[in-house]
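Student:
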Amino acid sequence: MTVDPTSLKIGGQTFHSRLFVGTGKYASYELMRECLEACRCDVVTVAVRRDRLIDDQNRSLLDFIDTKRYTILPNTAGCFTAEDAVRVARLGRDILEQLDNPGAAWVKLEVLHDKKTLLPDPIGTLDALQTLIKDGFQVLVYTSDDPAMACRLKEAGAASVMPAGSPIGSGQGVLNPNNIRIVLEMLKENDPDYPVIVDAGVGTASDVAIAMELGADGVLLNTGIAHAADAPAMARAMAHAIDAGYLAHRAGRIPRKLYATASSPIDGRITLNNR
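Note that my numbering numbers the sequence shown so that position 122 is 683, with each residue one more than the last.
(1) Using CA coordinates, which residue listed in LEU569, LEU592, ASP696 and VAL604 is at the minimum distance from ALA789?
(2) I'd like the span of the beta strand (DSSP E) that includes ASP760, first residue to last.
(3) Rounded to whole angstroms, what is the Cα-Cα separation between CYS712 and VAL744?
(4) Going by alpha carbons, who is nearest to LEU580 out of HIS801, GLY730, ARG817 and PRO683?
(5) Residue ranges of each alpha helix (DSSP H) run of no fewer than 4 residues wholly in the stretch 564-593, ordered along the chain?
(6) Is GLN659 buried or exposed, if buried means 16 or more other CB atoms sit within 10 Å of its CB?
(7) Can you tell me where the alpha helix (DSSP H) holding ALA770 begins and where it ends?
(8) Return the CA-CA distance between ARG620 and TYR807, expressed in angstroms with no decimal places.
(9) Of all the beta strand (DSSP E) runs that stay within the bounds of the stretch 650-730, which reach a length of 3 or more residues?
(10) Return the residue from the list LEU687, LYS695 and ALA720 that minimises the CA-CA distance to VAL709.
(11) In terms of DSSP beta bridges, what is GLY779 paired with?
(12) Name the two residues that bound the continuous alpha helix (DSSP H) containing ALA812.
(13) Should the stretch 651-665 be called in touch with the stretch 628-638, which here means at least 3 C-beta pairs below 8 Å?
(14) Hey, could you find the ends of the beta strand (DSSP E) THR784 is sitting in?
(15) Under the rule that 16 or more other beta-carbon atoms within 10 Å means buried, what is SER727, buried or exposed?
(16) Does the count of Cβ pairs from the stretch 779-796 and the stretch 744-755 closer than 8 Å reach three?
(17) Name, in chain order, the residues that DSSP records as bridge partners for VAL604.
(18) Assign ASP627 to one of two classes, buried (16 or more other C-beta atoms within 10 Å of its C-beta) or exposed (fewer than that).
(19) Taking Cβ positions, are THR584 and VAL607 nearer each other than 7 Å?
(20) Mark TYR798 as exposed unless 16 or more other C-beta atoms lie within 10 angstroms of its C-beta, in which case mark it buried.
(21) When the Cα atoms are used, what is the spatial distance from GLY813 to ASP754?
(22) Taking LEU569 as the reference, which of GLU716, PRO756 and ALA665 has the closest Cα?
(23) Return the residue from the list ALA720, GLU598 and LEU775 that minimises the CA-CA distance to ASP752.
(24) Quick check on DSSP: helix, strand or coil for GLU750?
(25) Suppose you measure from the CA of ASP707 to the CA of LEU680; what does that come to, to the nearest Å?
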């Protein structure tokens with residue numbers, strides 16, 4: 562089988578979808594499963610600490626995810642110290658090893674500073690990253706859009722750096738595109754294939770397209786689908802947006818100009834009364 566030239570490679574694995582989707586905040590497990598199918602994603606994130614793996618009907622979240630089809634990305638959401646994040650990452654690995662899922666050696670690392678902003682704690686994040694790397698994890702790390710911090714995380718061994726477009730669950734989209742551009746430029750300067758995933762803040766499909774048009778390798782989102790009025794329809798929209806943004810970036814947009822430029826040539830135009 563020939564690998565799709567648009568495929569994404571992270572941590573030794575190859576994916577055909579560049580959309581990563583979370584499993585929290587859905588009204589039901591059935592709705593979550595329908596949305597995962599609709600968005601055509603390959604990677605599904607599960608917040609090991611925050612999500613209830615067993616609901617009040619004694620049903621497991623993982624029973625509604627095809628673990629043979631999807632790569633499960635355990636998430637340390639809800640952790641506010643490096644020690645807590647490392648503990649949760651190891652718990653996620655233990656669960657997925659029992660399921661023989663390829664995401665067992667993976668973790669999406671989040672070490673948050675406070676409950677109000679849910680912004681990352683840079684010191685705690687770096688400390689946890691270094692510990693998890695030594696422990697054999699492939700770490701995809703959530704961070705701010707600070708280029709200096711993004712570089713430090715890559716240098717420390719992150720399999721992917723994931724700068725936030727805006728605060729988690731805010732729906733504000735990419736608030737600072739210039740910083741995202743700089744992050745991309747600096748991380749890819751000597752390593753053009755290094756994967757950078759925009760994470761957090763997506764509200765609608767245009768936010769996904771914008772992130773991809775900036776040159777991101779993928780987008781991770783959850784609330785934008787789960788809390789949409791028609792979640793399956795939004796899931797389909799996100800799938801189209803990831804493809805559209807990726808293709809637009811590769812195609813190369815026209816430069817912005819202050820004044821109009823006629824689409825049709827002026828030379829040889831038909832005139833009236835020789836004017």
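Think of the CB as a built atom: it goes at the ideal place given N, C-alpha and C, for glycine as much as any other residue.
Source: prediction; values computed, not measured.
Tutor: Working from what's here:
(1) Nearest of LEU569, LEU592, ASP696 and VAL604 to ALA789, Cα basis: LEU592.
(2) Its beta strand (DSSP E) spans residues 758-760.
(3) Taking the straight line from one Cα to the other gives about 8 Å.
(4) With distances taken between Cα atoms, LEU580 lies closest to HIS801.
(5) Counting whole runs of 4 or more residues, the stretch 564-593 contains no alpha helix (DSSP H) stretch at all.
(6) With fewer than 16 Cβ atoms within 10 Å of its Cβ, GLN659 is classed as exposed.
(7) Segment 766-774, the alpha helix (DSSP H) holding ALA770.
(8) Taking the straight line joining both Cα atoms gives about 37 Å.
(9) Scanning the stretch 650-730 from its first residue to its last, the whole beta strand (DSSP E) runs of 3-plus residues come out as 667-670, 699-704 and 721-724.
(10) Note on residue identity: the sequence assigns Ala, not Val, to residue 709. Ranking LEU687, LYS695 and ALA720 by Cα distance to ALA709 puts LEU687 first.
(11) BP columns for GLY779 point to ILE758.
(12) Residues 792-812.
(13) In this structure the stretch 651-665 lies against the stretch 628-638, because at least three pairs of beta carbons, one per stretch, are closer than 8 Å.
(14) Careful: THR784 lies outside any beta strand (DSSP E), inside the alpha helix (DSSP H) at 784-787.
(15) Looking at its Cβ environment, which holds 16 or more other Cβ atoms inside 10 Å, SER727 is buried.
(16) Because the criterion of three Cβ pairs below 8 Å is not met, the stretch 779-796 and the stretch 744-755 do not touch.
(17) Answer is PHE581 and THR632.
(18) Only exposed fits ASP627, as fewer than 16 other CB atoms lie within 10 angstroms of its CB.
(19) Closer than 7 Å, so yes.
(20) According to the sequence provided, residue 798 is Ala. The question's Tyr does not apply to it. When all chains shown are included, ALA798 counts as buried.
(21) Looking at the two C-alpha atoms, the distance is approximately 18 Å.
(22) Nearest C-alpha to LEU569: PRO756.
(23) Selection ALA720, GLU598 and LEU775 evaluated against ASP752 yields ALA720 as nearest (Cα-Cα).
(24) Of the three classes helix, strand and coil, the one that applies to GLU750 here is coil, per DSSP.
(25) One C-alpha to the other measures close to 12 Å.
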